[in-house]
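*Asks:* If you're matching them up, the sequences are chains S and D in order. Residue 3 is where the first sequence starts when you use my numbering, and the numbers rise one by one after that. Residue 3 is where the second sequence starts when you use my numbering, and the numbers rise one by one after that. The beta-carbon is built from N, C-alpha and C at its ideal position, and this holds for glycine as well.
Protein chains: 2
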Amino acid sequence: MKYIEKLRNSGLRPTKQRLQICEILFDREKTFHFTINELDQKIKNKIHNKISLATIYNTVHAFEKKGYLKQIPINSNQTYFDTNVTDHHHFYNLEDGKLIDLENSDVGPINIKKKINGKKIKSIEILVKLED
Amino acid sequence: MKYIEKLRNSGLRPTKQRLQICEILFDREKTFHFTINELDQKIKNKIHNKISLATIYNTVHAFEKKGYLKQIPINSNQTYFDTNVTDHHHFYNLEDGKLIDLENSDVGPINIKKKINGKKIKSIEILVKLED
DNA sequence: TTGTAGTTTATAATGGTTCTAAACAGCTGT
DNA sequence: ACAGCTGTTTAGAACCATTATAAACTACAA
């Protein structure tokens with residue numbers, strides 16, 4: 003299993019639940035945008051044993067802390083996560099609430115002219131809202 | 003009262019509560035970033051009658067719908083609102099959770115190269131996360 | 001003044017997320 | 001292989017921001 007080493011290297015024990023969640027999250031070609039609720043549904047559909055909701059929360063947060071997932075800054079009643087942890091941006095379709103990736107190369111260079119004393123920029127994230 | 007006309011023109015009755023909330027929100031020089039909770043505290047400090055929490059929610063949402071407030075897209079356990087409804091961006095100080103305005107003129111032109119069929123861009127918002 | 005539609009209010013309900021504490025499972029040293 | 005430690009999973013309770021409810025109230029037009 004390719005995820006066993008990855009988890010162990012991060013100081014996370016490769017439990018059955020974590021490995022199953024890894025497969026659902028990372029065995030895919032395209033970026034996966036999801037809420038905990040959507041992930042829970044996917045898990046219910048794809049695997050036969052039950053994974054408790056608390057474990058899903060724990061795992062997603064553990065993966066986020068280790069840098070395998072990141073939160074998408076968006077106002078919604080649910081928190082969105084993204085398997086694409088590179089620097090990139092999002093289209094947000096207001097009609098259906100779906101997200102679409104905007105790679106860094108899809109956006110011209112961003113020039114932040116204002117500086118804040120003693121602070122440095124950790125990330126720059128653009129949210130482009132779309133309407134019909 | 004300068005807000006009476008403004009409210010009436012928007013189809014909102016100028017009630018005592020709404021006028022008091024207007025003064026707290028809009029009688030200031032600088033942009034105000036706030037959560038419902040912070041607004042509730044400010045109301046408790048500044049006025050003597052009580053305004054119910056439900057009214058605060060109702061009013062903020064009514065003002066947002068009319069375009070006098072806007073939500074700031076940020077992941078937090080509470081929703082942030084902004085009295086600056088112009089097109090602009092934010093610094094987000096990760097250390098203390100405070101927001102700082104980034105005017106459009108503080109950011110160079112943004113070029114979104116990717117297009118989505120049948121969709122048009124409603125807004126472009128940048129969140130710049132700051133660390134020490 | 002009277003009617004009505006909009007508003008406020010206290011309180012209950014909702015729902016995503018976090019906490020708890022007990023059972024369980026990897027892992028290391030023997 | 002076993003013991004023991006510590007990390008993990010789990011069901012359910014708790015938490016808390018937000019929304020819904022429904023009754024009292026109020027601005028405003030007729």
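Is the beta carbon of residue 33(S) closer than 8 angstroms to that of residue 82(S)?
*Replies:* The answer is no: Cβ separation not under 8 angstroms.
*Asks:* In the DSSP assignment, find the alpha helix (DSSP H) that holds residue 63(S) and state where it starts and stops.
*Replies:* From DSSP, the alpha helix (DSSP H) with residue 63(S) extends over 55 to 68.
*Asks:* Indicate whether at least one CB of chain S lies closer than 8 angstroms to the CB of residue 113(D).
*Replies:* Cβ-Cβ to chain S under 8 angstroms: yes for residue 113(D).
*Asks:* From which residue to which residue does the alpha helix (DSSP H) around residue 32(D) run?
*Replies:* From DSSP, residue 32(D) is part of no alpha helix (DSSP H); its letter is neither H nor E.
*Asks:* Roughly how many angstroms separate the alpha carbons of residue 93(D) and residue 45(S), rounded to a whole number?
*Replies:* The alpha-carbon atoms of residue 93(D) and residue 45(S) are separated by roughly 36 angstroms.
*Asks:* Does chain S have any CB closer than 8 angstroms to the CB of residue 77(D)?
*Replies:* It does; some Cβ of chain S falls within 8 angstroms.
*Asks:* Going along the chain, which residues of the stretch 29 to 57 of chain S sit with their C-beta nearer than 8 angstroms to a C-beta in chain D?
*Replies:* The residues in question: there are none.
*Asks:* Taking the alpha-carbon positions, what's the residue 22(S) to residue 41(S) distance?
*Replies:* In a straight line, the C-alpha of residue 22(S) is about 12 angstroms away from that of residue 41(S).
*Asks:* Between residue 134(S) and the rest of its own chain, which residues show a CB-CB distance below 8 angstroms, the 5 nearest in sequence each way excluded?
*Replies:* So the qualifying residues of the chain are 97.
*Asks:* List the whole-angstrom C-beta distance separating residue 6(D) from residue 35(D), where the pair is believed to meet the contact cut-off of C-beta under 8 angstroms.
*Replies:* Their Cβ separation, rounded to whole angstroms, is 26 angstroms, which puts residue 6(D) and residue 35(D) out of contact at 8 angstroms.
*Asks:* What does a CB cutoff of less than 8 angstroms around residue 87(D) pick up in its chain, not counting 5 residues either side in sequence?
*Replies:* Hits under 8 angstroms: 69, 70, 71 and 72.
*Asks:* Taking buried to mean at least 16 other C-beta atoms within 10 Å of its own C-beta, is residue 61(D) buried or exposed?
*Replies:* Flag for residue 61(D) reads buried.
*Asks:* Whole-angstrom Cβ separation of residue 26(S) and residue 48(S), contact assumed at under 8 angstroms?
*Replies:* That belief holds up - the Cβ atoms of residue 26(S) and residue 48(S) are roughly 6 angstroms apart, short of 8 angstroms.
*Asks:* For residue 28(S), collect the residues of the same chain with a Cβ closer than 7 angstroms to its Cβ; drop the 5 residues on either side in sequence, then sort them by chain order.
*Replies:* So the list reads 85, once near-sequence residues are dropped.
*Asks:* For residue 104(D), is the classification buried or exposed, using 16 other Cβ atoms within 10 angstroms of its Cβ as the cut-off for buried?
*Replies:* Looking at its Cβ environment, which holds 16 or more other Cβ atoms inside 10 Å, residue 104(D) is buried.
*Asks:* Output yes if chain D places a C-beta closer than 8 angstroms to the C-beta of residue 95(S); else output no.
*Replies:* Yes, its Cβ sits closer than 8 angstroms to a Cβ of chain D.
*Asks:* Would you mind working out which of 99(S), 18(S), 59(S) and 78(S) sits nearest residue 50(S), comparing C-alpha positions?
*Replies:* When only C-alpha atoms are compared, the closest one is 18(S).
*Asks:* Can you have a look at residue 132(S) and say buried or exposed, based on whether 16 or more other CB atoms are within 10 angstroms of its CB?
*Replies:* It is buried - the Cβ of residue 132(S) has at least 16 other Cβ atoms within 10 Å.
*Asks:* List, in chain order, every chain S residue whose beta-carbon is nearer than 7 angstroms to that of residue 130(D).
*Replies:* In chain order: 114, 123 and 126.
*Asks:* Would you identify the three-state DSSP class for residue 132(D), choosing helix, strand or coil?
*Replies:* Residue 132(D) falls in the strand class under three-state DSSP.
*Asks:* In this structure, does DSSP put residue 97(S) in helix, strand or coil?
*Replies:* Note: residue 97(S) maps to coil in three-state DSSP.
*Asks:* So that I know if they touch, is there some Cβ in chain S lying closer than 8 angstroms to that of residue 22(D)?
*Replies:* Not an interface residue.
*Asks:* Out of curiosity, what's the CA-to-CA distance linking residue 63(S) and residue 109(S)?
*Replies:* Computed Cα separation, rounded: 29 angstroms.
*Asks:* CA-CA distance, residue 14(D) and residue 20(D)?
*Replies:* Whole-angstrom Cα-Cα distance: 9 angstroms.
*Asks:* Residue 125(D) bridges to which residues according to DSSP?
*Replies:* For residue 125(D), which the question treats as bridged, DSSP gives the partners 131(S).
*Asks:* Can you give me the Cβ contacts of residue 89(S) inside the same chain, cut-off strictly under 8 angstroms, excluding the 5 residues immediately before and after it?
*Replies:* So the qualifying residues of the chain are 106, 125 and 126.
*Asks:* Opposite residue 5(S) in the DSSP bridges: which residues?
*Replies:* Answer by DSSP bridge pairing: none, since residue 5(S) is not bridged.
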